[in-house]
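Down below is the structure, laid out as structure tokens.
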Amino acid sequence: MRYGIFHPGNLLAVTRFSLVVILLITIIAIGILLRSLKLLKANLRLYLRTMTCKLILFILGIKLHVTGVLDSTDGTLYVINHRTLIDPIIALSLIPKGNVVSKAEVKNYPVINVGAALSGVIYIERTDKLSRENAKNAIQKALENNVSIIIFPEGTTSSTPKISEYKKGAFEGAVNAGSKMQAIALEFMHPERDFWTEHNLFIQFCKTFSQYRVYAKLHFFPAEKSANALNLCNNAQVQTQKQLDIFQKSWKNYKPLVPV
């Protein structure tokens, strides 16, 4: 930690962490009870998930500035650049019917993995070609069944002004399913503290959420269709980077660090 644990900033971060854990335990208990009573219908599950994500953002002091319009068509592929491990929570708070695709390592992250399990996440082994192929097929099948999917096509978080190359697998699934793709640009306003560059997740959590407010900007681009997955992938990356360049004009004297 930057300061001792009893520094006011770190106390705030620890308090927030504790509240998030308590919230997740409570929601899990409610979910188990509703399921046992056969009352946990799909719409209620999605509502609980959305409200839980919104409450987590409130607890963590995350303030979002959103522009553009969400295309809420069922079976849409939502594509977002990846900055932090909180990104899926931000996405799910804004896209009620979305289902997240994430790297397999998230299964080993305390607290975060619980939320991921509740959200019906699809995991991808980044070094396993078969797993990636299976994930692409799962995404295509979900889209064909009008289930909306949220992906972070960089495959990992990035802490540089330029985002990493988008992987086209999910875009192929969208093309094969005849689905829309909506690109979303996400940027944090204090990158030296907001970007996840620490290998110790708790230290990173304290570094980021010792701030009273964490400010982020999002922009929803118009949804589009294409018969060419590579073009769809490239378009998403190019327009996202252009919007990030605009967002980054608010940065002050930021020196990029090495990503996790």
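Residues in the sequence shown are numbered from -9 upward in steps of one, following my numbering.
Backbone N, C-alpha and C define an ideal beta-carbon position, used for all residues, glycine too.
What did DSSP end up calling Y113 once you bin it into helix, strand or coil?
Residue numbering aside, residue 113 sits at position 123 when the sequence shown is read from its first letter. The three-state secondary structure of Y113, taken from DSSP, is strand.
Can you give the Cα-Cα distance for A219 and K158, rounded to whole angstroms?
Walking along the sequence shown from the start, residue 219 turns up at place 229. Walking along the sequence shown from the start, residue 158 turns up at place 168. A219 and K158: Cα-Cα distance of roughly 7 angstroms.
Taking the straight line between their C-alpha atoms, what separation do you get for L23 and M41?
On the sequence shown, residue 23 is found 33 positions in, with the first residue counted as 1. On the sequence shown, residue 41 is found 51 positions in, with the first residue counted as 1. Rounded to whole angstroms, the separation of the alpha carbons of M41 and L23 is 18 angstroms.
So G163 is in the alpha helix (DSSP H); what residue range does that whole segment cover?
Here the question's residue 163 lines up with position 173 in the sequence shown. First-last of the alpha helix (DSSP H) with G163: G159 to A167.
With a cut-off of 8 angstroms on the beta carbons, I'd call F199 and I174 a contact; round off their distance for me.
Working through the sequence shown from its first residue, we reach residue 199 at position 209. Working through the sequence shown from its first residue, we reach residue 174 at position 184. F199 to I174, Cβ: 23 angstroms. No contact.
Please report how far the alpha carbon of E188 lies from the alpha carbon of G51, in whole angstroms.
Working through the sequence shown from its first residue, we reach residue 188 at position 198. Working through the sequence shown from its first residue, we reach residue 51 at position 61. One C-alpha to the other measures close to 20 angstroms.
Out of T66, S149 and K215, state which residue places its alpha-carbon closest to the alpha-carbon of L133.
As a working note, residue 133 is residue 143 in the sequence shown. The option with the nearest alpha carbon to L133 is T66.
Near K232, what residues of its chain come up, given a Cβ to Cβ distance below 8 angstroms and the 5 sequence neighbours on each side ignored?
Looking up residue 232 in the sequence shown gives position 242. Residues of the same chain with their beta carbon placed closer than 8 angstroms to that of K232 are lacking, with the five preceding and five following residues left out of the count.
G163 classed as buried or exposed, judged by whether at least 16 other C-beta atoms fall within 10 angstroms:
Here residue 163 corresponds to residue number 173 of the sequence shown, with the count starting at 1. Looking at its Cβ environment, which holds 16 or more other Cβ atoms inside 10 Å, G163 is buried.
Taking Cβ to Cβ, would you say I139 is nearer than 7 angstroms to N89?
Locating residue 139 in the sequence shown gives position 149, where the first residue counts as 1. Locating residue 89 in the sequence shown gives position 99, where the first residue counts as 1. For I139 and N89, yes; Cβs fall inside 7 angstroms.
In chain order, what residues of the same chain have a beta carbon less than 6 angstroms from the beta carbon of Y205, not counting five sequence neighbours either side?
Counted from its first residue, the sequence shown places residue 205 at position 215. So the qualifying residues of the chain are K53 and M179.
Count the other CB atoms, across all protein chains shown, that sit within 10 Å of the CB of S62; report buried if there are 16 or more and exposed otherwise.
What you label residue 62 is simply residue 72 of the sequence shown in a count that begins at 1. So S62 ends up on the exposed side.
Do you know offhand how far L2's Cα is from V165's?
Counting from 1 along the sequence shown, the entry for residue 2 is found at position 12. Counting from 1 along the sequence shown, the entry for residue 165 is found at position 175. Whole-angstrom Cα-Cα distance: 45 angstroms.
Taking the alpha carbon of H55 as the reference point, which residue from L84, I112 and D64 has its own alpha carbon closest?
The residue given as residue 55 occupies position 65 in the sequence shown. Ranking the options by Cα distance to H55, first place goes to L84.
Using the Cα positions of G168 and K215, report the straight-line distance between them to the nearest angstrom.
Mapped onto the sequence shown, residue 168 falls at position 178. Mapped onto the sequence shown, residue 215 falls at position 225. The alpha-carbon of G168 is positioned some 7 angstroms away from that of K215.
Inter-residue Cα distance where the pair is N127 and L45:
Residue 127 sits at position 137 when you count from the first residue of the sequence shown. Residue 45 sits at position 55 when you count from the first residue of the sequence shown. Straight-line Cα distance between these residues: approximately 33 angstroms.
According to DSSP, residues forming a beta bridge with E177:
As a first step, residue 177 is located in the sequence shown; it is residue number 187 there, counting from the start. Answer by DSSP bridge pairing, in chain order: K207.
Name, in chain order, the residues that DSSP records as bridge partners for S138.
Counted from its first residue, the sequence shown places residue 138 at position 148. In the DSSP output, where bridge partners are listed per residue, S138 has G88.
Using the Cα positions of P249 and N0, report the straight-line distance between them to the nearest angstrom.
By 1-based counting over the sequence shown, the position of residue 249 is 259. By 1-based counting over the sequence shown, the position of residue 0 is 10. Any reading at P249 is ruled out, since the residue's pLDDT is 42, under 50, leaving its predicted position unreliable.
State the DSSP-derived secondary structure class of E155, mapped to helix, strand or coil.
Looking up residue 155 in the sequence shown gives position 165. Coil, per DSSP.
Alpha-carbon spacing of L34 relative to A81, whole angstroms
Against the sequence shown, residue 34 aligns to sequence position 44. Against the sequence shown, residue 81 aligns to sequence position 91. So the two alpha carbons sit approximately 18 angstroms from each other.
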